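**Student:**
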Amino acid sequence: MSSFAKKVLIFILIPLGVLGLCSMFGRNGEGFLTGLAFIGFLLIGYFFASVVMFIANRNEIAKALLLATGIILLVGLSICGIILGGS
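Under the working numbering, think of the first position of the sequence shown as 158, with each following residue one higher.
1. When the Cα atoms are used, what is the spatial distance from N185 to E217?
2. Less than 8 Å between C-beta atoms, sequence neighbours within five positions excluded: which residues of the same chain meet that for F204?
3. Grouping DSSP H, G and I as helix and E and B as strand, with all else coil, what is I213?
4. Near G183, what residues of its chain come up, given a Cβ to Cβ distance below 7 Å and the 5 sequence neighbours on each side ignored?
5. CA-CA distance, V208 and G238?
6. Once DSSP output is grouped into helix, strand and coil, what is the label at G188?
7. Just to confirm the assignment, what range does the alpha helix (DSSP H) spanning M181 have?
8. Compute the Euclidean distance between the alpha carbons of F211 and S160, then round it to the nearest angstrom.
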């Protein structure tokens, strides 16, 4: 596995780990919602960090951050659409 793929997987697993930890320690579904809100802020941070990395000529890390952000948003928004659509 290439180093780029490892970086992308690490950047994808960080928000999922945060969501898992928040959902374990919350009560009545409150932790899950807190985790989702934190992931939203984390993805915004990923985006701005990738822009800074592009400016600093750290292109591989910046591309990995952008790709991880896109994958998380694609999967997350697709699941939300399915849930809201009632299918």
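Idealized CB from N, CA, C, for every residue including glycine. The structure presented is a predicted model; accordingly, all values stated were derived computationally and were not measured.
**Tutor:** Let me lay it out:
1. Cα to Cα, N185 sits roughly 41 Å from E217.
2. L222, L223 and T226
3. Rather than Ile, the amino acid found at residue 213 in this sequence is Ala. DSSP places A213 in coil when its eight states are reduced to three.
4. Result list for G183: F189 and T191, in chain order.
5. 28 Å
6. helix
7. S160 to F182
8. If you take the alpha carbons of F211 and S160, they lie about 18 Å apart.
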